[in-house]
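Enquirer: One structure, pasted below without further comment.
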Amino acid sequence: YTIFYEECGYTVEDLEYDLALNNIVYEDKYPYIEIAIKYSLNEEGLDVRLINDSIVEKEKYPLLYVDVLPYFGYASTSDTGYAVIPDGSGILIDFNNNRSFALRYNQRIYGKELAKKANVMVAASETLNLPLYGMKINDHGFINIVEEGAAMAAIISNISTNDNPYNQTYYRYYIREGESYTFDSINSSTVIYQWTDFYNTLDLALSIRVVDEDEASYTAMANKYREYLIEKAILSKLDTTDKPTFDLTVLGGYLIKENFLGFPYTTVKSLTNTDEVKIIIDELLTDNIEYINLIYKGFSNDGIKPTYMGKISYNSATGNAKDFRVLNQYLLERKVNFYPEVYVNTAYTTKAISDDDIVRDVFGKVVKRYSYNEATLYIDKNTLDYYTLLPTTFLNTLTNLKKHFTKQSYTGIAFADFGSNNYGSYSKKNTIFRNTTVDYFDNALSSVDLSNMSVLFENPNAYALKYADRIINLPTYGTQYQIIATSIPFYQLVLSGYVDYSSYSFNIDDKYSINYHKMKAIETLSNISMTWSYNTTINLTETEYSYYYSTYYKNWYDTFIEIYNELNSLGIYNSRLVKHELITLDGNITKSTYANGKEIIFNYGNVDYVYNGIIIPKNGYKIVKEAI
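Convert by adding 3 to the 1-based position in the sequence shown; the result is the number in the numbering used here.
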């Protein structure tokens, strides 16, 4: 190269002329990529922007993803600290933790891609709802917030190993979406990857903010992120409740197969009808439960697994439209918040929808799903098929729901999936990337005025927070990967005092004991959440709803009253969570501090723990400082 091009003055034009003269076809063997990244210093720290318009690629070598600043803020083997990732409630990955056997952390922000078929059940994991991560290096640290392009990004984190002396956390930004397919033969199998022809055209914009407070602890990082959300007018409402709130989900209708004179048919039966809801509420009010949010799951459209809800169709077994208007008025008079639960981007069966309404995978195929059989880990085609709907349907669905809810005088709406699921659709004729789905979400909620209604989300992603009045199913723990040290209540530290929230239903999330859920509620200042049915669930045994085996309300009523009274007596629900500390790194011993000055130590271990001369009982908690 030096001789030809520098010393002899040979040019690219000369090369092209000589190749053409000798009939030589030049083979393009090397990929070539150009990307411009802009850095801007400010008072908070550093802004970074990957300028999408600057991307240059060769047609033969399309760009798939970019790892952005993978060594920014890394920690060496001589540093101490941890990475904070908002997986579930939040997790810590401590530096140099000698877990070289563990796989690195790699999760998409806003959850897994739904426009993919999966016949085999994958390991359960919590969602990464907030678009940021934090790094604490010794006594200093920062948070790195995705301001634009979060839906197209993943967070990757790894620890130092013999081959890699760096503790790193960074973003991987996907320019294209892809999916694998396995070709199987008798003797072998081959995996191919298909990527979208079109690519995402959105910039990735990052805001890196320095955290100096409290030696850059994860509490300080949560405070810094809350300041950011308030600055952006995402958090503004205040939680005004002064006692524990009961987020009660009641189960309505469900489909079941029956026979008449030997002819099989499918009908809707009820676990809790409108009159039975009143009986449960009357009991709760008699026992002085002051704040109740009633989420009615399966109130229409064939029940718990509903058909497309752009048109509401009531089932007589649960109650007709008039029955629900009467129930709504009954609850209003008793100051019980009523939230009929709806699905916006999910539909069971193809009733009232067509293939043109359903997302497609990278191969252009309609994505059809079934529930999994947990014994075999494979899909169970005996269950109802269900579909994820295109984001282009959001506005029409929400418009119809608002019209119906207004007619019924409902003052609350609970979204089971809207704001919690993020996905794209990858048909060549209509490619929609995940970031565009967020735009459709915002457009639907800004176009359909829900300001006169109370809006409830289930474990929402960050872009839904500005619309949220209440939140349920907010995890109190993170995914338990080997690389992770422990879980922390990062999400709760951000939201506490601004949005009312509760965790998973105590009686449904049976991975943990009721005592564990109670302690986590106190530790994270979460409200009590349970899922009940008025009737026993014995008839669900041989159905696809059998996972609701523990919802009969009389079996849980006394337990709930006991937990409620215990939480109410602590005097913390008129306050907010302001600090959380790990007394031991494994998370077995923790401390929560509340705005009124009260401090409580929690012991999740199996032996008593002594803290400053105070015995903290095993699997229990103790107040170590009273309110000021």
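Every residue, glycine too, gets a C-beta built ideally from N, C-alpha and C.
First and last residue of the alpha helix (DSSP H) that includes Leu24?
Expert: By 1-based counting over the sequence shown, the position of residue 24 is 21. Element bounds for Leu24: Val15 to Leu24.
Enquirer: For Ser43, which residues of its own chain have a beta-carbon under 6 Å away from its beta-carbon, when the five flanking residues on both sides are left out?
Expert: If you number the sequence shown from 1, residue 43 lands on position 40. For Ser43, where only same-chain residues beyond five positions count, the Cβ hits under 6 Å are Asp50.
Enquirer: On the DSSP letters alone, give me the boundaries of the beta strand (DSSP E) that Ala447 sits inside.
Expert: Counting from 1 along the sequence shown, the entry for residue 447 is found at position 444. Where Ala447 is concerned, there is no enclosing beta strand (DSSP E), although the alpha helix (DSSP H) it sits in stretches over Arg437 to Ser450.
Enquirer: On the criterion of 16 or more Cβ atoms from any shown chain inside 10 Å, does Arg372 qualify as buried, or is it exposed?
Expert: The residue labelled residue 372 in the question sits at position 369 within the sequence shown. Its Cβ being crowded by 16 or more others within 10 Å, Arg372 is buried.
Enquirer: Which runs of the alpha helix (DSSP H) fall wholly inside the region 441 to 511 and span at least 4 residues, in chain order?
Expert: Fully enclosed alpha helix (DSSP H) runs of 4 or longer: 493 to 498.
Enquirer: Suppose the cutoff is 6 Å on Cβ atoms and the five residues either side in sequence are ignored; what does the same chain contact list for Ser210 look like?
Expert: The sequence position of residue 210 within the sequence shown is 207, counting from 1. Excluding sequence neighbours, Ser210 sits near Asp50, Ile148 and Glu150.
Enquirer: Can you tell which of Glu62, Asp82 and Gly590 has its C-alpha closest to the C-alpha of Lys523?
Expert: Taking the sequence shown and counting its residues from 1, the one referred to as residue 523 is at position 520. Checking every option, the nearest Cα to that of Lys523 belongs to Gly590.
Enquirer: So the candidates are Glu547, Asn425 and Glu230; which of them puts its Cα closest to the Cα of Glu47?
Expert: Position 44 of the sequence shown, counted from the first residue, corresponds to residue 47. Answer by Cα proximity: Glu230.
Enquirer: Report the CB separation of Asp97 from Tyr85 in whole angstroms; it is logged as a contact under 8 Å.
Expert: Position 94 of the sequence shown holds residue 97. Position 82 of the sequence shown holds residue 85. The pair is a contact, with the Cβ atoms about 5 Å apart (cut-off 8 Å).
Enquirer: Could you name the residues of the same chain whose beta carbon sits closer than 6 Å to that of Ile36, not counting the 5 residues immediately before and after it, in chain order?
Expert: Translated into positions along the sequence shown, residue 36 becomes position 33. For Ile36, where only same-chain residues beyond five positions count, the Cβ hits under 6 Å are Glu60 and Leu66.
Enquirer: Suppose contacts are defined by Cβ-Cβ distances below 9 Å. Is Ser490 in contact with Gly93 by that definition?
Expert: What you label residue 490 is simply residue 487 of the sequence shown in a count that begins at 1. What you label residue 93 is simply residue 90 of the sequence shown in a count that begins at 1. Contact: yes.
Enquirer: Compute the distance between the beta-carbons of Phe636 and Gly76, then report whether it is under 9 Å.
Expert: Residue coverage of the chain in this structure runs from 4 to 631, which leaves residue 636 outside it and unanswerable.
Enquirer: Check this for me: beta carbons of Val271 and Ala320, under 9 Å apart or not?
Expert: Translated into the one-based positions of the sequence shown, residue 271 becomes position 268. Translated into the one-based positions of the sequence shown, residue 320 becomes position 317. Contact: yes.
Enquirer: So, do the region 173 to 181 and the region 155 to 164 have three or more beta carbon pairs nearer to each other than 8 Å?
Expert: Yes, they touch.
Enquirer: Taking DSSP as the reference, what is the three-state secondary structure of Thr244?
Expert: Residue 244 sits at position 241 when you count from the first residue of the sequence shown. Reduced to three states, the DSSP call for Thr244 is coil.
Enquirer: Since Gly313 contacts Asn399 with CB under 8 Å, what's their CB separation in whole angstroms?
Expert: Position 310 of the sequence shown holds residue 313. Position 396 of the sequence shown holds residue 399. Indeed, because the Cβ distance is near 6 Å, the residues count as touching under 8 Å.
Enquirer: Between the Cα of Tyr560 and those of Glu547, Thr546 and Ile531, spot the shortest distance and give me the residue it belongs to.
Expert: As a working note, residue 560 is residue 557 in the sequence shown. If we check each option's Cα against that of Tyr560, Ile531 comes out closest.
Enquirer: Note down, in chain order, each residue of its chain lying with its Cβ closer than 6 Å to the Cβ of Ile195, except the 5 sequence neighbours on either side.
Expert: Position 192 of the sequence shown, counting from 1, holds the residue named residue 195. Cβ neighbours of Ile195 beyond the five flanking positions: Tyr184.
Enquirer: For Tyr3, tell me which candidate among Asn568, Ser549 and Thr540 has the shortest Cα-Cα distance.
Expert: Residue 3 lies beyond the residue range present for the chain, which begins at 4 and ends at 631; the question has no answer from this structure.
Enquirer: Taking the C-alpha atoms as reference points, what is the distance between Thr596 and Asn510?
Expert: As a first step, residue 596 is located in the sequence shown; it is residue number 593 there, counting from the start. As a first step, residue 510 is located in the sequence shown; it is residue number 507 there, counting from the start. Approximately 27 Å, taken between the alpha carbons.
Enquirer: Measure the CB-CB distance between Tyr429 and Asp364 and report whether it falls below 9 Å.
Expert: Position 426 of the sequence shown holds residue 429. Position 361 of the sequence shown holds residue 364. Yes, the Cβ-Cβ distance between Tyr429 and Asp364 is below 9 Å.
Enquirer: Within the present structure, is the beta-carbon of Tyr550 separated from the nearest heavy atom of the ligand GDP by less than 8 Å?
Expert: With respect to the ligand GDP, the structure offers nothing, as it holds no ligand at all.
Enquirer: Please check the pair Val87 and Met224, which I expect to be a contact at CB under 8 Å, by giving their CB distance rounded to whole angstroms.
Expert: Locating residue 87 in the sequence shown gives position 84, where the first residue counts as 1. Locating residue 224 in the sequence shown gives position 221, where the first residue counts as 1. The Cβ separation is near 6 Å, so the contact holds.
Enquirer: Tell me which same chain residues have a C-beta within less than 7 Å of the C-beta of Arg328, skipping the five on either side of it?
Expert: Against the sequence shown, residue 328 aligns to sequence position 325. Within the same chain, Arg328 has close Cβ partners Gln411 and Ser412.
Enquirer: For Asn455, I'd like the list of residues in its chain whose CB is within less than 8 Å of its CB, leaving aside the five on either flank, ordered along the chain.
Expert: Along the sequence shown, one-based indexing puts residue 455 at 452. For Asn455, where only same-chain residues beyond five positions count, the Cβ hits under 8 Å are Thr414.
Enquirer: Kindly provide the ranges of any beta strand (DSSP E) runs that are 3 or more residues long and lie completely inside the region 273 to 351, ordered along the chain.
Expert: Counting whole runs of 3 or more residues, the region 273 to 351 contains the beta strand (DSSP E) stretches 294 to 300, 340 to 345 and 349 to 351.
Enquirer: Measuring only the C-alpha atoms, how far is Pro34 from Thr164?
Expert: As a position in the sequence shown, residue 34 is number 31, starting the count at 1. As a position in the sequence shown, residue 164 is number 161, starting the count at 1. If I take the Cα positions, the gap works out to 31 Å.
Enquirer: Taking contact to mean 3 or more Cβ pairs, one atom from each stretch, closer than 8 Å, check whether the region 214 to 222 and the region 135 to 144 are in contact.
Expert: Touching, yes, given that three or more Cβ pairs across the two stretches are closer than 8 Å.
Enquirer: Using the C-alpha atoms, what's the distance from Thr409 back to Ser103?
Expert: Here residue 103 is taken as the residue at index 100 of the sequence shown, counted from 1. Here residue 409 is taken as the residue at index 406 of the sequence shown, counted from 1. Whole-angstrom Cα-Cα distance: 57 Å.
Enquirer: Whether or not the region 196 to 203 and the region 117 to 134 are in contact is what I'm after, with contact meaning three or more pairs of Cβ atoms, one per stretch, closer than 8 Å; do they touch?
Expert: In short, these stretches do not touch, since the Cβ pair count stays below three.
Enquirer: Taking 8 Å as the threshold, find out whether the region 427 to 441 comes into contact with the region 475 to 482 through three or more Cβ pairs.
Expert: Too few Cβ pairs lie closer than 8 Å, so no.
Enquirer: Would you report the Cα separation of Pro247 and Ala488, rounded to the nearest angstrom?
Expert: In the sequence shown, the residue the question calls residue 247 occupies position 244. In the sequence shown, the residue the question calls residue 488 occupies position 485. Distance between the alpha carbons of Pro247 and Ala488: 30 Å.
Enquirer: DSSP beta-bridge partners for Arg175?
Expert: Residue numbering aside, residue 175 sits at position 172 when the sequence shown is read from its first letter. Its beta-bridge partners are Asp70 and Ala157.
Enquirer: Candidates Thr243, Pro492 and His407: which alpha carbon is nearest Ile525's?
Expert: Translated into the one-based positions of the sequence shown, residue 525 becomes position 522. Of the candidates Thr243, Pro492 and His407, the one whose C-alpha sits nearest the C-alpha of Ile525 is Pro492.
Enquirer: Give me whichever residues DSSP pairs with Glu584 in a beta bridge.
Expert: For the purposes of this step, residue 584 is taken as the residue at position 581 of the sequence shown. DSSP output for Glu584 lists Lys594 as bridge partner(s).
Enquirer: Determine the contact status of Asn599 and Ile631, defining contact as a CB-CB distance below 9 Å.
Expert: One-based indexing of the sequence shown puts residue 599 at position 596. One-based indexing of the sequence shown puts residue 631 at position 628. Contact: yes.
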